[in-house]
Structures are given as C-alpha cells and as structure tokens.
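Undergrad: Chains as they are written, first to last, in our numbering: chain R, 9 to 38; chain D, 185 to 656. In this text, a Cβ means the ideal position worked out from N, Cα and C, and glycines have one as well.
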Amino acid sequence: MHATVWALIAGFIARAAVKVITASDGAVWS
Amino acid sequence: MKLRVAILVALVTALAGAVLLLGWHGRTPYPGMWSVVSFTLAAFLLEKSGNDLRFETKGSTSFVVHLAGGILYGPFWGSLFAGLSTVLSEVEQQKNGAKVLFNVAQRVVAVGGGLFLIALLGATFPLFDFHSAVTLNGSDIQRNVLLFFLFAIFYFAFNTVAVSLVVAISGGRRFREVWTLTFRGVLGYDIGASFLALFLAWLYVRFEDGVGIGAVGFAIALAPILLIRHIYGLYWKLQSSGRELLDLMVKAIEARDPYTSGHSVRVASLAKAIAQEAKMSAEEVELVYTAAILHDVGKIHEEFAPLLRKDSKLTPEETALLQTHSVKSADLVGIISGFRGVVQDAVRSHHERWDGGGYPDGLAAEEIPLGARIIMISDTTDAMTTDRPYRKKLPIEAVVSELQKYRGTQFDPRLVDIAVSSMAVRRGMSELQSSQPVTEPKVIEGGSKKVSSRQQVPSWRNRASWPKIRVF
Chain R
9 MHATVWALIA GFIARAAVKV ITASDGAVWS
Chain D
185 MKLRVAILVA LVTALAGAVL LLGWHGRTPY PGMWSVVSFT LAAFLLEKSG
235 NDLRFETKGS TSFVVHLAGG ILYGPFWGSL FAGLSTVLSE VEQQKNGAKV
285 LFNVAQRVVA VGGGLFLIAL LGATFPLFDF HSAVTLNGSD IQRNVLLFFL
335 FAIFYFAFNT VAVSLVVAIS GGRRFREVWT LTFRGVLGYD IGASFLALFL
385 AWLYVRFEDG VGIGAVGFAI ALAPILLIRH IYGLYWKLQS SGRELLDLMV
435 KAIEARDPYT SGHSVRVASL AKAIAQEAKM SAEEVELVYT AAILHDVGKI
485 HEEFAPLLRK DSKLTPEETA LLQTHSVKSA DLVGIISGFR GVVQDAVRSH
535 HERWDGGGYP DGLAAEEIPL GARIIMISDT TDAMTTDRPY RKKLPIEAVV
585 SELQKYRGTQ FDPRLVDIAV SSMAVRRGMS ELQSSQPVTE PKVIEGGSKK
635 VSSRQQVPSW RNRASWPKIR VF
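#1: At a CB-CB cut-off below 7 Å, which residues of chain R make contact with residue 243 of chain D?
#2: For the putative contact between residue 351 of chain D and residue 247 of chain D, defined by C-beta atoms under 8 Å, what is the C-beta separation to the nearest angstrom?
#3: I'd like to know if residue 11 of chain R contacts chain D, where contact means its C-beta is closer than 9 Å to some C-beta of that chain.
#4: From the DSSP output, which residues share a beta bridge with residue 328 of chain D?
#5: Can you list, in chain order, the residues of its chain with a C-beta nearer than 7 Å to that of residue 436 of chain D? Leave out the 5 residues immediately preceding and following it.
#6: Show which residues of chain R have a CB atom less than 7 Å away from the CB atom of residue 240 of chain D.
#7: Could you pull the start and end residues of the alpha helix (DSSP H) that residue 527 of chain D belongs to?
#8: Using CA coordinates, which residue listed in D:342, D:185, D:376, D:264 is at the minimum distance from residue 32 of chain R?
#9: How many angstroms separate the CA atom of residue 35 of chain R from the CA atom of residue 510 of chain D?
#10: Quick one: what does DSSP say residue 236 of chain D is sitting in, helix, strand or coil?
#11: Which bits of chain D does residue 29 of chain R rub up against, with CB to CB less than 7 Å?
#12: Can you find a CB in chain R that lies within less than 9 Å of the CB of residue 263 of chain D?
#13: Considering only residues of the same chain and omitting the five flanking positions on each side of residue 474 of chain D, which have a CB-CB separation below 6 Å?
#14: Alpha carbon to alpha carbon, how far is residue 578 of chain D from residue 586 of chain D?
#15: Starting from residue 306 of chain D, trace the alpha helix (DSSP H) both ways and give me its first and last residue.
#16: Tell me which residues of the segment 272-300 of chain D have at least one Cβ-Cβ distance to chain R shorter than 7 Å, keeping chain order.
#17: Assign residue 14 of chain R to buried or exposed, taking buried as 16 or more other Cβ atoms, counted over all protein chains shown, within 10 Å of its Cβ.
#18: Can you tell which of D:391, D:306, D:353 has its C-alpha closest to the C-alpha of residue 657 of chain D?
#19: Give the DSSP-derived three-state secondary structure of residue 538 of chain D in the structure shown.
#20: Under three-state DSSP, which class holds residue 35 of chain R?
#21: 9 Å is my cut-off, CB to CB: does residue 134 of chain D come that close to chain R?
#22: Is the separation between the beta-carbon of residue 224 of chain D and that of residue 251 of chain D shorter than 9 Å?
#23: Please classify residue 534 of chain D as buried or exposed, where buried requires at least 16 neighbouring CB atoms within 10 angstroms.
#24: Which residue or residues does DSSP assign as beta-bridge partners of residue 243 of chain D?
#25: Buried or exposed for residue 479 of chain D, going by 16 or more other Cβ atoms inside 10 Å?
#26: Per DSSP, residue 591 of chain D forms a beta bridge with which residues?
#27: Is the CB of residue 416 of chain D under 9 Å away from at least one CB in chain R?
#28: Using a Cβ-Cβ distance under 9 Å, would residue 18 of chain R count as near chain D?
#29: With a threshold of 9 Å between beta carbons, is residue 24 of chain R in contact with chain D?
#30: Check residue 424 of chain D in the structure and name its three-state DSSP category.
#31: Measuring CA to CA, which of D:349, D:615, D:440 is closest to residue 189 of chain D?
#32: Residues in its own chain within less than 8 Å of residue 658 of chain D by CB, not counting five upstream and five downstream?
#33: So, is residue 275 of chain D buried or exposed, given that buried needs 16 or more other C-beta atoms within 10 angstroms?
#34: Let me know the secondary structure DSSP gives residue 393 of chain D once reduced to three states.
Encoded structure:
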C-alpha cells in the first residue's frame, strides 16, 4: 500500500518535472 | 538595421556594461577556473539543446545554470558566466553582430540586474550555505527562498520583455502579440523550473566538497534535462512539419486556382487585423488566422477543378456544387485534431450571411461563429481589392461603402463598424491593394491543353449586381 502511494507520488513529481523542463524557456533573439 | 532596433541594442548593451562595472566593485572572490568552465559550458550545452519558439525567438533551459551561478557567486561572476555561455552559443550559430551583442547583453542584465535587486533587499552571496546540511527551520532560509524567486521573476521578466521588444520592432509586429503568444503561457513553468537551479547549485557545492569536482554534480543533474529536451525537440519538429504541411495544402489549392494566388494569406492577414480590433484575445486571433488560411482548402477536390477553370457562366447545378467547398474545407481541416471545434466551425460557416441567406447551413446573426463572420468580411474585401482580368481593383473608399451597404444583410454590422473605423484594418486593406496577385498571364496545365489564366474569366463578371462581389 505504502509502496503504491509512494510510486504514485514519484510518478506525479516526475511528470510535473518533465512538463516544467519541456515548457520552460529562457529566450534569445534568433 | 532599423534605427529603433539599433537604439534598443545599444541601450541593453549599455545596461549590461553598467551591471558588470557595478558588479566588479562588490564582487565575491574568484571562484576558480573549474567553476568558470563548468558553468559556462553547462549553460552552453543547454542552450544548444534549445528549440525554436514563435517569431524570431529561441528558447532553452540554460537559465537553470544562469540562476544557479548567480545565487552562488553574486552579480559579477553570475552575469559573466551567463554572458560567456551566450557568447559561445551565439558565435557557434554564426549570428550577426547585433544579435550576438543583444543576446549577450540581455542575459547579463537579466542575471546581474536581478541579483542587484535582491542585494538591495538584503541578500548576500552565496545566497544559501550549501556546505552544511540545509536546515529548514531558520527564518533566513524562508527569506532567501523568497529572494531567490524574486531573482527568477526578474530574470524572466527582463529576458522575455527584452526579446519580445526587439523581435516586435525588427519584425514590425506588436509587442503585446509577440510576448503573449510566445511567453505568457509558459511563465508559470519558468518560475517552477527555477527550483531546479537551487537543486543544481546544491549539487555543485556538495560534489565540490565531496569529490572535489562540482561538475560531476552538473553531469548528474543535466543529463536528464538534456535527454528530456531532446525528446521534446523531436516532438516540436513533428509539430512544425504539421504546420508546413498546411502551407503545402494552401499552396496546392492556390496552384489549382490561379485567381486565388496568395488569396488565403491575404484574407488571413486582414482577418487577423479585424479580430485584433474586435479585442479578441491573442489565442482567439490565432485561431481566426488559422481558419482564414485554410478556408478554401476544400477547393482542392477534383470535382471543383473544371468549375474553377470554367470561363463561362456557371449553371445552377455547378454553383450549388461549388458552394459545397466550405463543407469540404471543414472536413479536411477536421482531419487535424487540434483544429476540430473553433477552426473547423469557422471554416464551415465562412459563407454564412448575417441575414441567414448564406450556405451551407443557413445560419443567421450570432448563430454564425465569430471567426466565420470575420472571414466573410476579409474574404469579400480581398476579392474587391485585387485586380481581376474583368475589372480593376476598387479604391478603398468604394470597398468601405460596399461593406457598409451590405452591413446587416451580408455582414455582421458590428464587425463592419469595427473594420471601417479602424486605421489598422484600413492599412491592411491598402496592403491588399498594393500586393500584386495574378497580373501576368500564367500558363498552367489544364488537362491536355495549356490555357492562360487570363482566359479563365469567372462567370459572375457580367452580373447586373456588380460591384457587389460574389465570392465562392
């Protein structure tokens, strides 16, 4: 049970991290 | 280069010079060659894994390293690392001098300016003492986390505003449009991702203490970021191929119907101007633009080819058949899942009239999607403002009086009022007039014989109601 909850939390954090890494941008004039 | 661009580049460069000079006086001790190389190279690598954003902008996660360097080493070294890494990536991409100068300078100011700001509020550098185990009960920690976020907010605010400004001025676009469409939606993610900078700085210091080389910590943290961004880059390329495919579709239909050469793009530009004047949000304006670009793609169907080439009057059956093009266009547009809904509905209804006498569904007034009402006006305007072999283009005033004449019957009266009273829309109309569509006879393949497009005079040229413009 505990393992499942932790896995869900870890999955959620990983998903959020991926979203944040892919969506965030410091910009330059190209 | 435009004078206003040159002034902006000079201004940001002067600010960067001031930041470095000011920073030099209160600088922290030299962090050592390893740090200079690690921070510069790490930011450069992340910059390389960046993606093209909209307009003339490019985005990357190099800011994570810039922010980490800033909180560890203060304004001078922090902005120097950010500047050096930007010099490397700009020179590697062989950009012109003004772009290199501007990008390096805006990065220096974004880092240095933000750090000065929080220094004024009491920050000292390094902002966190990562050498000892971090305890979360001190009020210093809470205050410093707040200061860190303030620094990150300044960084993104300055960075996105400066880049939007230069892109807007050099490309003749509105600042608000560039900023909103490129950056507004992701600002929350930017602030969220700045957490990674804290993690990165912590890893760097811990590995420096532990194994003597902080860069090992960088490698551990940056490898997954680079991998994720690489995968995202592939996805991004897929998306842009999708957009290029749309361009291909538009070009294909315009090749088949030479009268409409450039028509879709002109209609889309005018529709965009009207939508902006109608105070639609930037996202909605974009949807209207997309729908306008695609409004005639259905004409690519083989059954329309003879009708588009026919130089005599269309029979009622042929007219009815040609009128199915809006449904055919909508069906094609609906293949792209992202266009179902607003874009598809606007394409389907772009020949609906305000009084209910249009096609395909006979919708009236507010039942007609707003985007379709806008395309109806810009589509008709483009037909009036371009030369056709059977008549010259109409002057702007004649176009305006035509729009007003059919205000409330063919067109949405409110949109006509907005369009004719707006300087931006009138400017758009003049641009349509000055653009040159089909003026030279163009030889196209027409079955077994070659025909000149000049011979293909549409059937409605002799209509008694002319200059009321019929658009199919």
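TA: Result, derived from the coordinates:
#1: Around residue 243 of chain D, the beta-carbon contacts reaching into chain R at under 7 Å are 33, 34, 35.
#2: Residue 351 of chain D to residue 247 of chain D, Cβ: 18 Å. No contact.
#3: Cβ-Cβ to chain D under 9 Å: no for residue 11 of chain R.
#4: DSSP lists no partner for residue 328 of chain D.
#5: Sequence-distant partners of residue 436 of chain D (beyond 5 residues in either direction) whose C-beta falls short of 7 Å from its own C-beta, in its chain, are 484.
#6: Here the neighbours are 37, 38.
#7: Per DSSP, residue 527 of chain D is one residue of the alpha helix (DSSP H) stretching across 526-532.
#8: Taking only the C-alpha atoms, the option nearest residue 32 of chain R is D:376.
#9: Cα to Cα, residue 35 of chain R sits roughly 40 Å from residue 510 of chain D.
#10: Strand, per DSSP.
#11: Neighbours of residue 29 of chain R on chain D, chain order: 245, 377, 409, 412, 413.
#12: Answer no: the Cβ-Cβ gap between residue 263 of chain D and chain R never drops below 9 Å.
#13: Same-chain partners within the cutoff: 527.
#14: Here the C-alpha atom of residue 578 of chain D lies approximately 10 Å from the C-alpha atom of residue 586 of chain D.
#15: That residue, residue 306 of chain D, is in no alpha helix (DSSP H); it is neither H nor E in DSSP.
#16: Of all residues in the segment 272-300 of chain D, the ones placed with a Cβ closer than 7 Å to any Cβ belonging to chain R are 283, 286, 287, in chain order.
#17: When all chains shown are included, residue 14 of chain R counts as exposed.
#18: The structure shown does not extend to residue 657 of chain D, since chain D spans only 185 to 656, so no value can be given for it.
#19: Here DSSP, grouped into helix, strand and coil, assigns residue 538 of chain D to coil.
#20: Collapsing the DSSP output to three states places residue 35 of chain R in a strand.
#21: An answer regarding residue 134 of chain D cannot be provided, because it is not within the stretch 185 to 656 covered by chain D.
#22: Here residue 224 of chain D is not near residue 251 of chain D, since their CB atoms are 9 Å or more apart.
#23: Residue 534 of chain D sits buried, since 16 or more C-beta atoms from the chains shown fall within 10 Å of its C-beta.
#24: Bridge partners of residue 243 of chain D: R:35, D:235.
#25: By the 10 Å Cβ count, residue 479 of chain D comes out buried.
#26: The secondary-structure analysis by DSSP pairs residue 591 of chain D across a beta bridge with D:595.
#27: Yes, its Cβ sits closer than 9 Å to a Cβ of chain R.
#28: Closer than 9 Å: no.
#29: Taking a beta-carbon distance threshold of 9 Å, residue 24 of chain R counts as an interface residue toward chain D.
#30: Note: residue 424 of chain D maps to helix in three-state DSSP.
#31: Comparing Cα-Cα distances from residue 189 of chain D to each of D:349, D:615, D:440, the minimum goes to D:349.
#32: Here chain D covers residues 185 to 656 and nothing more, so residue 658 of chain D does not appear.
#33: Residue 275 of chain D sits exposed, since fewer than 16 C-beta atoms from the chains shown fall within 10 Å of its C-beta.
#34: Secondary structure of residue 393 of chain D (DSSP, three-state): helix.
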